[in-house]
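A.B. asks: With my numbering as the guide, the letters of the sequence shown map in order to residues 65 to 818. Take a look at the following structure, please.
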Amino acid sequence: MKYLKRGFPIFFFAAVIIGMLLLSDEGSEPITLTGNELKVASGSIAYDYVGISEGEGGMMASTEDYFLNKGTYTIGLGYHTDTDLNNISITDNGSLLTEFNLDKTVNYDTFSFTLDKDSQFLTIAFNYGGSGYFIVNNLTLIPEGTFYTDTYYYIFLVIVLAFALFLFCPIQQKADLKRKTIFLILLGLGIFSFYPYMTGYLPWGDDICYHIVRIEGIKDGLLSGQLPVVIYPEGLRGYGFLNCMYPNLFLYIPAILRIFGVSISATYKSLIFLFQLATPFITYGCVRSLEGKTDSARAGLLAAFLYCLCPYRFTNFYARGALGEALAMTFFPLLIAGLYHVLLGNRKKWWLLVLGISGLLQTHILSCMLGIVFCVVLGFVCIGKVIREKRFLEIGIAAFVSLLINLWFLVSFIYFFINGNLSTTSLDWSTYSEYSLLPYSLFGTINNIDFRTYSLGLPLIVCLAFVLFEIMEKGKENPEETSLHHYLVYVGAAGIVCVLLTLYIFPAWNFMDIAPLNWFFKNIQFPWRLLGPASAFFAIAGSIALCKNRLFKPYVPVLCVTLTIVSLLSVTHYNATDGDYYAYEDFTDTYTEGHYMKLIGIPKTENTIVYPYEWQPDHASDAVMAETTIPRFSDADSSRQVSYHRDGIVSTLVYTNTSTDAFVEFPLLFYPGYAAADENGNVLEITEGNGATVRVSLSADSAEHKIIVTYKSPVLMTGAFLISLCSVIVIACLYAMYYFRQSGWQLPWKRFRK
65 MKYLKRGFPI FFFAAVIIGM LLLSDEGSEP ITLTGNELKV ASGSIAYDYV
115 GISEGEGGMM ASTEDYFLNK GTYTIGLGYH TDTDLNNISI TDNGSLLTEF
165 NLDKTVNYDT FSFTLDKDSQ FLTIAFNYGG SGYFIVNNLT LIPEGTFYTD
215 TYYYIFLVIV LAFALFLFCP IQQKADLKRK TIFLILLGLG IFSFYPYMTG
265 YLPWGDDICY HIVRIEGIKD GLLSGQLPVV IYPEGLRGYG FLNCMYPNLF
315 LYIPAILRIF GVSISATYKS LIFLFQLATP FITYGCVRSL EGKTDSARAG
365 LLAAFLYCLC PYRFTNFYAR GALGEALAMT FFPLLIAGLY HVLLGNRKKW
415 WLLVLGISGL LQTHILSCML GIVFCVVLGF VCIGKVIREK RFLEIGIAAF
465 VSLLINLWFL VSFIYFFING NLSTTSLDWS TYSEYSLLPY SLFGTINNID
515 FRTYSLGLPL IVCLAFVLFE IMEKGKENPE ETSLHHYLVY VGAAGIVCVL
565 LTLYIFPAWN FMDIAPLNWF FKNIQFPWRL LGPASAFFAI AGSIALCKNR
615 LFKPYVPVLC VTLTIVSLLS VTHYNATDGD YYAYEDFTDT YTEGHYMKLI
665 GIPKTENTIV YPYEWQPDHA SDAVMAETTI PRFSDADSSR QVSYHRDGIV
715 STLVYTNTST DAFVEFPLLF YPGYAAADEN GNVLEITEGN GATVRVSLSA
765 DSAEHKIIVT YKSPVLMTGA FLISLCSVIV IACLYAMYYF RQSGWQLPWK
815 RFRK
């Protein structure tokens, strides 16, 4: 009975929230646009309609490019015309899906169309026939079902949270007040860090376009039967795009949500929210781990605030949309703490280094490269103690386990880098020095002019001062404090080096004459990227130095509170929406602006076919991809397409041909792994065609034949994936057994029985 009493408030409030979510559900709310809200091509806007009365035929106006899940939709169109020559057309990712002629005898009509697969880029166009007049008054888009399932997704989260609170509250009640307070502070910090995305839609950043392509590509790849996903089936207008050259592990989370019909806005923001929640707890835990026997939690809390709210981290998430780099910043504290324990501290905590390296590698290769450079340099610096205390075993275990669990990605990356004949020229356009920073920019804290802030911010600059004071300390009394003192000096020095490399006073152009350094700086591209690890170095080293330094001991509480307040202020004006605070445009609206903007498709519309530019096969042609999405025969007079069907990574062509030496080029980019067979299962040779497409020779006996082209992951990559999967399962089981044995922990329902 007491558990029912304890659970009643939890489930009561959960029920209230669920009721509010259901009442405010907009997922099936039709979208209505007046004519003046369309994009005008050749017509003109007057009052609330768009029209044309003379001129050449062609597109008069069009809608935005919509992001629609598969299903059936109805278009309700209010219009006026005096001819039967006008029509509306619907294109999906640049290919015509269907079109409807408009009847001049009516002023309102409805048209239905069906999407067999999700569309990233659906456009409704209004085409003028070339004579008479044509006026579009309004358009309504109505789903058969829902546009998205966000409400049900949020209800599921509320239910999971309610049961989690009910099951684990008895355990948490045994925690003391201090631990509960710290937990709530860190939870609040994570939620506050997410505030720029507390909108009904997804504000766009510089590179969000590309990451949405990746999420959709992984979703499409999973639906096509790939695991792990190697090829995005619908990428590059259906020609397919490679998934192995950027880390993608955490993108499977939003991709799976997309399979269940959740909007791209909610799925992307869910991933950001997850990392915003995790970062404060990870940072706090890592700092506490470094502090050793210190009872104070101030350093951990201060580091969490300063790091989570540093301007450059917010810039990565909410302005640049640099998802990989932003997520990687979550794992720098793990790398810093893990490296300390492997080299100088508690060697049994080598697993922290594994988590740090693996997290960096699975989010951002460049950040991982910088992290490894940091590890190697500090390894040489601490080599004396490593030899004396015989720490090579822990270093070897950390390296070996990191290799095992990340083998699936490393093998894929190396395989395609060597065998893929891939284009990387688009990665070379930055010369590093041109984006060097001026020293004063490092102090930027509150910025109301541009929401991109390439700076450390004043709180982290103050942390640098604390690090300098730590450097001036002569040493500590016991070996543990001495080791931590030295490590803080090393970490602070690494941060200083990173900052110096971002400034214009560093003559990068001179060093780029040296081949290895040229490769290093060209891959960094932008010096400001070094602000990411520098922020972690200063936040962690500076917070610990402040709380341990005898000189500042009387002022620690005041300094911690002051720095925390400044860090909070530094991001309060951080948004890209220019004060768009209201959910409805006017009082007559039946749906919020957020509902409509959730359906707006991927931006950079002129680049939808060719974006992204890098990692295409070296001879890929944008013109070829833009030309057609059906197979091309070398001899159109003697070859005939009977049927062509594409389902994910499987393309099936039925043809007849009478010409020798004839071939067909499939609308697929020539990546290693494609295989072709005929109707009898006989293997057909694949070669590279025009524009780096997949080319297959044709039989010349005039009979109907079938060519089936599919993608098969190379055996080496499949083997690496299985090794990594088994390694993760074994390690997780071993850790769980060890944890249960050490803690004597029991499942919550067993506690209830007692």
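Here a beta-carbon is modelled for each residue, glycine too, at the ideal position from N, C-alpha and C.
Following the continuous beta strand (DSSP E) through glutamine 290, name the residue where it begins and the one where it ends.
C.D. replies: Element bounds for glutamine 290: n/a, residue is neither H nor E.
A.B. asks: Rounded to whole angstroms, what's the CA-CA distance from asparagine 380 to phenylalanine 198? Just pull it up for me.
C.D. replies: The C-alpha of asparagine 380 lies about 46 Å from the C-alpha of phenylalanine 198.
A.B. asks: Buried or exposed for glutamate 389, please, with buried defined as at least 16 other CB atoms from any protein chain shown within 10 angstroms of its CB.
C.D. replies: Burial call: buried.
A.B. asks: Counting only runs that start and end within the region 304 to 385, where is the alpha helix (DSSP H) found for 4 or more residues in a row?
C.D. replies: 316 to 323, 328 to 355, 362 to 372, 375 to 379
A.B. asks: Please classify leucine 798 as buried or exposed, where buried requires at least 16 other C-beta atoms within 10 Å of its C-beta.
C.D. replies: exposed
A.B. asks: Contact between the region 721 to 731 and the region 755 to 772 is defined here as three or more beta-carbon pairs at a separation below 8 Å; is this criterion met?
C.D. replies: yes
A.B. asks: Could you pull out every residue in the same chain whose Cβ sits closer than 8 Å to the Cβ of phenylalanine 324, ignoring the five residues on either side in sequence?
C.D. replies: Thr213, Tyr217
A.B. asks: Spell out the partners DSSP gives tyrosine 143 in its beta bridges.
C.D. replies: Val200
A.B. asks: Quick one: Cα of proline 73 to Cα of aspartate 89, how far?
C.D. replies: 24 Å
A.B. asks: Per DSSP, what are the beta-bridge partners of arginine 696 in this structure?
C.D. replies: Answer is Glu729, bridged to arginine 696.
A.B. asks: Between the Cα of tryptophan 308 and the Cα atoms of Phe481, Asp650, Glu768, which residue gives the shortest distance?
C.D. replies: Before going further, note that residue 308 is cysteine rather than tryptophan in the sequence given. When the alpha-carbon of cysteine 308 is set against those of Phe481, Asp650, Glu768, the nearest one is in Phe481.
A.B. asks: Considering only residues of the same chain and omitting the five flanking positions on each side of phenylalanine 230, which have a CB-CB separation below 7 Å?
C.D. replies: Gly71, Ile74
A.B. asks: Span of the alpha helix (DSSP H) holding asparagine 582?
C.D. replies: 579 to 588 is the extent of the alpha helix (DSSP H) around asparagine 582.
A.B. asks: Would you call the region 456 to 473 in contact with the region 271 to 285, where contact means no fewer than 3 C-beta pairs closer than 8 Å?
C.D. replies: Contact check between the region 456 to 473 and the region 271 to 285: fewer than three CB pairs, one atom from each, fall below 8 Å, which does not count as touching.
A.B. asks: Looking only at its own chain, which residues have a Cβ that is under 6 Å from the Cβ of aspartate 129, when we skip the five neighbours before and after it?
C.D. replies: Excluding sequence neighbours, aspartate 129 sits near Phe185, Thr187, Gly665, Thr669.
A.B. asks: Would you check if there are 3 or more beta carbon pairs closer than 8 Å linking the region 319 to 334 to the region 201 to 215?
C.D. replies: As far as the Cβ criterion goes, the region 319 to 334 touches the region 201 to 215, which means the pair count is three or higher.
A.B. asks: Leaving out five residues on either side along the sequence, give the residues of the same chain with a beta carbon under 6 Å from the beta carbon of valine 418.
C.D. replies: Ala462, Val465, Ser466.
A.B. asks: Roughly how many whole angstroms lie between the Cα atoms of serine 476 and alanine 105?
C.D. replies: Inter-residue distance for serine 476 and alanine 105 is about 45 Å (C-alpha atoms, whole angstroms).
A.B. asks: Judging by CA-CA distance, which residue of Phe339, Leu97, Thr178, Glu453 is the nearest neighbour of lysine 134?
C.D. replies: Thr178
A.B. asks: Please report the distance separating the alpha-carbon of tyrosine 192 from that of alanine 690.
C.D. replies: 24 Å
A.B. asks: Nearest to lysine 40 by alpha carbon, out of Ile317, Pro695, Gly596?
C.D. replies: Only positions 65 to 818 of the chain appear in this structure, which leaves residue 40 out of reach.
A.B. asks: Taking DSSP as the reference, what is the three-state secondary structure of lysine 103?
C.D. replies: strand
A.B. asks: Let me know the secondary structure DSSP gives phenylalanine 651 once reduced to three states.
C.D. replies: coil
A.B. asks: Among residues of its own chain, excluding the 5 on either side of alanine 78, which ones have a beta-carbon nearer than 8 Å to its beta-carbon?
C.D. replies: Closer than 8 Å at the Cβ level, and outside the excluded window around alanine 78, lie Val222, Ile223, Leu225, Ala226.
A.B. asks: Compute the distance between the beta-carbons of phenylalanine 681 and leucine 733, then report whether it is under 7 Å.
C.D. replies: The residue asked about is misnamed: residue 681 is proline in this sequence, not phenylalanine. Yes.
A.B. asks: If you check the beta carbons only, do alanine 557 and tyrosine 371 fall under 7 Å apart?
C.D. replies: no
A.B. asks: Consult DSSP for serine 497 and reduce its assignment to one of helix, strand or coil.
C.D. replies: helix
A.B. asks: Evaluate glutamate 298 with the Cβ neighbour count: other Cβ atoms within 10 Å of its Cβ, from every protein chain shown; 16 or more gives buried, anything less gives exposed.
C.D. replies: buried
A.B. asks: Whose C-beta lies closer than 6 Å to the C-beta of cysteine 432 among residues of the same chain, with five residues either side of it excluded?
C.D. replies: Non-local C-beta neighbours of cysteine 432 in its own chain, meaning closer than 6 Å and more than five positions away in sequence, comprise Leu424, Leu425, ordered along the chain.
A.B. asks: Opposite lysine 770 in the DSSP bridges: which residues?
C.D. replies: Val718
A.B. asks: Rounding to the nearest angstrom, what Cα-Cα distance links isoleucine 81 and arginine 384 in this structure?
C.D. replies: Cα-Cα distance, rounded: 34 Å.
A.B. asks: Using the DSSP secondary-structure output, state which residues sit across from arginine 759 in a beta bridge.
C.D. replies: Glu729, Thr751
A.B. asks: Looking at lysine 776: is its Cβ nearer than 7 Å to the Cβ of alanine 739?
C.D. replies: Against a cut-off of 7 Å, the Cβ pair of alanine 739 and lysine 776 comes out as a contact.
A.B. asks: Under the rule that 16 or more other beta-carbon atoms within 10 Å means buried, what is leucine 300, buried or exposed?
C.D. replies: That one is buried.
A.B. asks: Give me the residue from Leu203, Met124, Leu373, Leu338 with the minimum Cα distance to leucine 633.
C.D. replies: Leu373
A.B. asks: Comparing C-alpha positions only, which one of Gly158, Ile772, Leu595 sits nearest to tyrosine 708?
C.D. replies: Ile772
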